[in-house]
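If you number the sequence shown the way our numbering does, the last residue is 379 and the count never jumps.
Every residue, glycine too, gets a C-beta built ideally from N, C-alpha and C.
From a predicted model like this one, the values you see are computed outputs, not experimental measurements.
In what follows, a structure is listed as structure tokens, so that the remarks can point back to it.
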Amino acid sequence: MAWFKRVRKPIAAPEKASRVPEGLWVKCPDCAQAIYNKDLVANSHVCPKCSHHFRVGATDRLRLLFDGEWAEYDPGLRSTDPLNFIDTKPYTQRLKASINATGANDAVVCATGRIEGIETSVAAMEYSFIGGSMGVVVGEKITRAIERAIDRRLPVVIVCCSGGARMMEGTLSLMQMAKVSAALARLDRAGLPYISVLTDPTTGGVTASFAMLGDVNIGEPKALIGFAGPRVIEQTIRQKLPEGFQRSEFLLQHGMLDLVIDRREMKSTIARLLRIMTEEPRGAAPAPVTPAAVTEPNPVGAA
Ligand SMILES: [Zn+2]
């Protein structure tokens, strides 16, 4: 016979430290400096004292990259929960909660606009929407952003910020890796540049596909970039991992990244790279661009 009952409370998840909270003052999680919120925004969400890079949302990211206005595409695409997936709660409920919290319909915003005058197709991922996970909608929107770039002869910039593939969409989310990669191959065949910007965190299926496929791969300082988490790797290889493993600077040293750039210099760096990569070779006549040059050859055995 039970004399009293203990009401079990679920353990609360720890608050995300690197997200800029609402309010007038923000405490830097790295150096504990109190920063006036407006100063932080004016400084590209970077701590003025220790250069800690706060996580930024997709819209803020576009604001940091583009000269002014931009045109957004496919904002209405929504996941249909094709697997009727339920974990601790139904996937449809998770989607609804994220849509209400972020005001966006999925974890990526795709737009075209100008970066120092260069018209560019940009896809920026939104971490606060189910961990920036890549489901069918993210894959489709990024693919469309790349195809739009091929049609209009634009360079592509993708800002990655993701926990990886969206497990609530199972293998359908894994198929997005192949889909986006194939679109990037078509972009490459069309002779158009792609710059990948890897921000904290870029992991799982996103790292294993388009995040690492840039003509230039740029990391933000101290960003966590990897495929599996360090604990899983340690258990698998039974070795202690080196200091700073899976951080931008370590990956730069080991040849996985081409550059690590402070966010305050990101726009000018991307613009400089785009100018170098889109410039016609001197003396050469500009090659005529026909849709035929862009289409893929038929695979063997295809009709
Ligand atoms: Zn700081």
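Run the Cβ filter for me: residues under 6 Å from any heavy atom of ligand 1, listed in the order they occur in the chain.
Cys-104, Asp-106, Cys-107, Gln-109, Cys-123, Lys-125, Cys-126 and His-128
Opening and closing residue of the beta strand (DSSP E) in which Arg-220 lies
Per DSSP, Arg-220 belongs to no beta strand (DSSP E); it is in the alpha helix (DSSP H), 212-228.
Buried or exposed, going by whether 16 or more other CB atoms sit within 10 Å of the CB of Thr-312?
exposed
For Asp-136, which of helix, strand or coil comes out of DSSP?
helix
Span of the beta strand (DSSP E) holding Tyr-149?
146-149
Along the chain, which unbroken stretches of the alpha helix (DSSP H) at least 4 residues long are found entirely within the region 237-265?
246-265
Cβ separation of Val-185 and Thr-219, assumed to be a contact under 8 Å, to the nearest whole Å:
Going by Cβ atoms, the distance from Val-185 to Thr-219 rounds to 15 Å, so no, they are not a contact pair.
Quick one: what does DSSP say Met-201 is sitting in, helix, strand or coil?
strand
Beta carbon of Arg-170 nearer than 8 Å to that of Ile-206:
yes
Could you give the C-beta distance for Thr-178 and Thr-188, rounded to a whole number, given that I count them as a contact under 8 Å?
22 Å between Cβ atoms; not a contact.
State the Cα-Cα distance for the pair Ala-379 and Tyr-203, rounded to the nearest angstrom.
Low confidence applies here, because Ala-379 scores a pLDDT of 49, under 50, leaving its location unreliable and the question unanswered by this model.
Could you tell me which residues DSSP puts in a beta bridge with Leu-300?
Arg-323
Return helix, strand or coil for Asn-176, following the three-state DSSP convention.
helix
Coarse secondary structure for Ile-337, derived from DSSP in three states:
coil
By how many angstroms is the C-alpha of Pro-277 removed from the C-alpha of Gly-320?
14 Å
By how many angstroms is the C-alpha of Phe-326 removed from the C-alpha of Val-308?
19 Å
Could you tell me whether the region 209-219 touches the region 152-163, where touching means 3 or more Cβ pairs closer than 8 Å?
yes
From what residue to what residue does the beta strand (DSSP E) around Val-273 run?
270-278
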